[in-house]
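*Asks:*
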Amino acid sequence: MAKKASAELAFEVGQSVVYPAHGVGKITSVEKQTVAGMDLEVYVVSFDQDKMILRVPTNRAEASGMRALAGSKLVDDALKTLGGRARIKRTMWSRRAQEYEAKINSGDLISIAEVVRDLHRGEDQPEQSYSERQLYENALDRMARELAAVENIDKDDAMEKLAQSLAKKKVAA
1 MAKKASAELA FEVGQSVVYP AHGVGKITSV EKQTVAGMDL EVYVVSFDQD
51 KMILRVPTNR AEASGMRALA GSKLVDDALK TLGGRARIKR TMWSRRAQEY
101 EAKINSGDLI SIAEVVRDLH RGEDQPEQSY SERQLYENAL DRMARELAAV
151 ENIDKDDAME KLAQSLAKKK VAA
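In this text, residue positions in the sequence shown follow the UniProt record's numbering: the first is 1, and each later residue adds one.
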């Protein structure tokens, strides 16, 4: 079974990938490890922004939600989502916060864009609560890191591009 997995790896060393709970990382190597008496082949994924290394079994990588970076069409769709109208449900904040957290941790760029869009506040709008601001900044950071990796720009340029898309929302609203 291990030989079959190594013959057709879904990801390559040096490739940037998105892991749902952690965002954009880079595969630094593929290692063989023995865990509980079983031989496992794992991707070693490095997340520089969090100073973290994650080991994902190669045969469970896609099932865990690990995916390649979004394509340019998906990025364009996500940027369009930012310009849309906020859809805030009239439910309790704790329930909405759980839904937003689930969307952020899904790793889906469109879902993350929806969170950024819904929680974005213009200068003319009231202040956000601490937890609302934390969720917003988490989603914005996650989206900016993927945009930066896809378009091969630095994170500050990606933040500027996201800010421009959010500014269009103000005009539309």
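Note that beta-carbon positions come from the ideal geometry of N, C-alpha and C, so glycine has one too.
(1) Could you tell me which of 90, 38, 66, 23 sits nearest to residue 50, measuring between CA atoms?
(2) Classify residue 107 as buried or exposed, calling it buried when 16 or more other Cβ atoms lie within 10 Å of its own Cβ.
(3) Flag this pair as touching only if the segment 90 to 109 and the segment 128 to 138 have three or more C-beta atom pairs under 8 Å; answer yes or no.
(4) Report the rounded CA-to-CA distance for residue 183 versus residue 59, giving the unit in angstroms.
(5) Spell out the partners DSSP gives residue 52 in its beta bridges.
(6) Around the C-beta of residue 104, are 16 or more other C-beta atoms found within 10 angstroms, so that it is buried, or is it exposed?
(7) Which residues bound the beta strand (DSSP E) around residue 33?
(8) For the beta strand (DSSP E) holding residue 13, just list the boundary residues, first then last.
(9) How long is the line joining the alpha carbons of residue 84 and residue 147, rounded to whole angstroms?
(10) One question on the structure: do residue 144 and residue 155 come within less than 8 Å of each other, judged by their Cβ atoms?
*Replies:* For this structure:
(1) The count along the sequence shown starts at 1 and reaches residue 50 at position 50. The residue with the shortest Cα to Cα distance from residue 50 is 23.
(2) The residue given as residue 107 occupies position 107 in the sequence shown. Around the beta carbon of residue 107, 16 or more other beta carbons sit within 10 angstroms, so the residue counts as buried.
(3) Touching, yes, given that three or more Cβ pairs across the two stretches are closer than 8 Å.
(4) The displayed coordinates of the chain run from 1 to 173. Any statement about residue 183 would go beyond what the structure contains.
(5) For the purposes of this step, residue 52 is taken as the residue at position 52 of the sequence shown. Listed as beta-bridge partners of residue 52 by DSSP are 47.
(6) Position 104 of the sequence shown holds residue 104. By the 10 Å Cβ count, residue 104 comes out buried.
(7) One-based indexing of the sequence shown puts residue 33 at position 33. Annotation: the continuous beta strand (DSSP E) that includes residue 33 extends over 23 to 35.
(8) Taking the sequence shown and counting its residues from 1, one reaches residue 13 at position 13. Run containing residue 13: none; DSSP gives neither H nor E here.
(9) If you number the sequence shown from 1, residue 84 lands on position 84. If you number the sequence shown from 1, residue 147 lands on position 147. Cα to Cα, residue 84 sits roughly 18 Å from residue 147.
(10) The residue you call residue 144 lines up with position 144 of the sequence shown. The residue you call residue 155 lines up with position 155 of the sequence shown. It is a contact, given that the beta carbons lie within the stated cut-off.
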